[in-house]
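Report on the structure given below.
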Amino acid sequence: MPNRTPKLTYCADRILKERKGQYFIDWEGCDANGDPWEPTWEPKRNANAALVAEWAEEKARRFTKAQSIKCEIKDEEEVDAVDQRRRRRT
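Just add 71 to wherever you are in the sequence shown, counting from 1, and you've got the numbering used here.
Listed below in structure tokens is the structure:
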């Protein structure tokens, strides 16, 4: 009978970033010294469906927030432009 090493699984807390073919994963728990595990870049195939779904929701929230900020900036720029035109008239 061949000697087989058991497959280890680790608990991920969340995905922090992604790049081509990889996720930057924040891990749950601590090492033997009590220090939290450092996040690592892992192949996308190592992330389960629940973790990826949570990441997709987080990216959507970030996108919505960024769009909102862009709109606020655009509105402020329009207000500034109107104020400048008013000053020129007086």
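Yeah, the Cβ is synthetic: ideal placement off N, Cα and C, and Gly gets one too. Remember, predicted model here, so these are calculated numbers, not experimental data.
Outcome for residue i when other beta-carbon atoms lying within 10 angstroms are tallied against a minimum of 16
i: residue 83; result: buried
i: residue 81; result: exposed
i: residue 118; result: buried
First through last residue of the beta strand (DSSP E) which encompasses residue i
i: residue 108; result: That residue, residue 108, is in no beta strand (DSSP E); it is neither H nor E in DSSP.
i: residue 87; result: 83–90
i: residue 102; result: No beta strand (DSSP E) contains residue 102, which DSSP labels as neither H nor E.
CB contact check: residue i to chain D, cutoff 7 Å
i: residue 88; result: Annotation note: the requested chain D is absent from the structure, which comprises a single protein chain.
Cut-off 8 Å between Cβ atoms - residues of its own chain near residue i, not counting five sequence neighbours on either side
i: residue 127; result: none
i: residue 110; result: 87, 95, 96, 97 and 98
i: residue 93; result: 112, 113, 114 and 115
i: residue 89; result: 95, 115 and 126
Neighbourhood of residue i by C-beta, 7 Å cutoff - its chain only, sequence neighbours within 5 removed
i: residue 100; result: 82 and 108
i: residue 104; result: none
Residues bridged to residue i [DSSP beta-bridge criterion]
i: residue 113; result: 94
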